[in-house]
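Worksheet: the structure to be examined is printed underneath.
Residue numbers (my numbering), protein chains in the order written: chain A, 1 to 79; chain B, 1 to 338.
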């Protein structure tokens, strides 16, 4: 048995260029009431453009609206 | 469920006729490679595309009455190479070569390529005004690939360096249902076919599929069976995933509008969510990762995406034009011999 097998893998959130946030690891998505939102896949995409028709998940709509955002942190005047 | 086994289709000309006749005999006997094939339009050449399809299919599936040793018979490989030559030449004419500045960011270049999709609005048409019969035809065309969805791209796995390989596996694990056969995308597609009253048997509609449809599948097999085209194979997958979620939402909406239930729409609905994940991994981690590790194939990555979009556009145009003329986009059912 792999002694590390029981360890939860850390959750990572990666903003993809002009696209959604991809979430990997042992994550759970809950609404404000604490109800779990069912997710069937190991990697999920969360909407970043705000226009998905199945928020909080991405449905690819960002491509239709010309959403632009970098993968890294945006520079801003206070940064 | 039994292993894959297809029937030899009816030949459509001298190339497929000669090939199928030889395949019914002992392996590696009686098959002479054709001399330079003169095809006016290789992409839509019924005879050439069907012969090539069967020459590739022997790597995916059994063929009833065909000795399995034909798969690596030198005479079949030589025959296939002659079929591939005009096909690859036609692709070179269709898909423009990558521009030098595109290679600086393959992910960004792929985004620009798919944003410039040359195809007609097939999914929008089906969503808003397609008939059930037209949806059935669409599903039958797609069955040529969707019943083996993900399989040809798996040929890239042993050929990739660790970072793009990990990205490909992240996509493929999901394509194959994340460990659940029930959720495997090819299985979901078979369920859609059943729900629509169509035959989900692998290869059942081969005789009905026109050359322009077979070409869309031959494209992936060509890239998948030649290691030298690993860049194009990765670009094909990236392009496929990046042009999937929005059309699939529309196909699901089309079936809902036509009164179909979740059994029929699940495949499409699943692809909206799945491919919204996959497209990012495929463009940036898989294609971008491969381009970083093997810059010499970066141009072929973009070629693979462009060739995909061009062939999909040819195919979609065939469907829309056939329907506009009030005709079926499928070939006539073969006459039953008396």
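For each residue, glycine too, the CB sits at the ideal point set by N, CA and C.
Take residue 56 of chain B, set aside five residues on each side of it, and the residues of its chain with a beta-carbon closer than 7 Å to its own are 218, 221 and 225, in chain order. Rounded to the nearest angstrom, the gap between the Cα atoms of residue 157 of chain B and residue 76 of chain B is 25 Å. Interface with chain B (8 Å Cβ-Cβ cutoff): residue 37 of chain A is excluded.
Counting the other Cβ atoms within 10 Å of the Cβ of residue 149 of chain B gives 16 or more, which makes it buried.
An exposed status is given to residue 7 of chain A, since fewer than 16 other beta-carbon atoms sit within 10 Å of its beta-carbon. Using a Cβ-Cβ cut-off of 9 Å, residue 275 of chain B is close to 60 of chain A, given in chain order. Residues of the stretch 248-281 of chain B that bring their beta carbon within less than 8 Å of a beta carbon in chain A comprise 249, 272, 273, 274, 275, 276, 277, 279, 280 and 281, in sequence order. The contact set of residue 174 of chain B on chain A, defined by CB atoms closer than 8 Å, consists of 41, 42 and 43 in chain order. In terms of beta-carbon proximity, residue 20 of chain A lines the interface with chain B, with at least one pair separated by less than 8 Å. Residue contact with chain B for residue 63 of chain A: present (Cβ-Cβ distance below 8 Å to some residue of chain B).
For residue 36 of chain A, the three-state secondary structure derived from DSSP is strand. Look at the stretch 114-198 of chain B and you find no whole run of beta strand (DSSP E) that is 3 residues long or longer. Using beta-carbon distances, residue 170 of chain B counts as an interface residue toward chain A, with a partner under 8 Å.
Cβ contact annotation for residue 24 of chain A (same chain, cutoff 6 Å, sequence separation greater than five): 12 and 43, in chain order.
The alpha-carbon separation between residue 262 of chain B and residue 128 of chain B amounts to approximately 19 Å. In the three-state scheme derived from DSSP, where H, G and I count as helix and E and B as strand, residue 30 of chain A is classed as strand. Neighbours of residue 57 of chain A in chain B, taken as residues at a C-beta separation under 8 Å, are given in chain order as 273 and 276.
The beta-carbon of residue 17 of chain A is placed less than 8 Å from the nearest beta-carbon of chain B.
DSSP places residue 30 of chain B in the coil class of the three-state scheme, outside both helix and strand.
Looking from the CA of residue 232 of chain B, the closest CA among B:214, B:300 and B:331 belongs to B:300.
Residue 50 of chain A is classed as exposed because its beta carbon has fewer than 16 other beta carbons within 10 Å across all chains shown. Looking at the DSSP output, residue 14 of chain A sits in a beta bridge with A:22. Looking at the backbone, the Cα of residue 223 of chain B and that of residue 235 of chain B are separated by about 10 Å.
With contacts defined by Cβ atoms closer than 8 Å, residue 329 of chain B and residue 250 of chain B do not form a contacting pair. With contacts defined as CB atoms closer than 8 Å, residue 243 of chain B and residue 120 of chain B fail to qualify as a contacting pair. By the 16-neighbour rule on beta-carbons within 10 angstroms, residue 40 of chain B is exposed. Here residue 57 of chain A carries a strand assignment [DSSP, helix/strand/coil].
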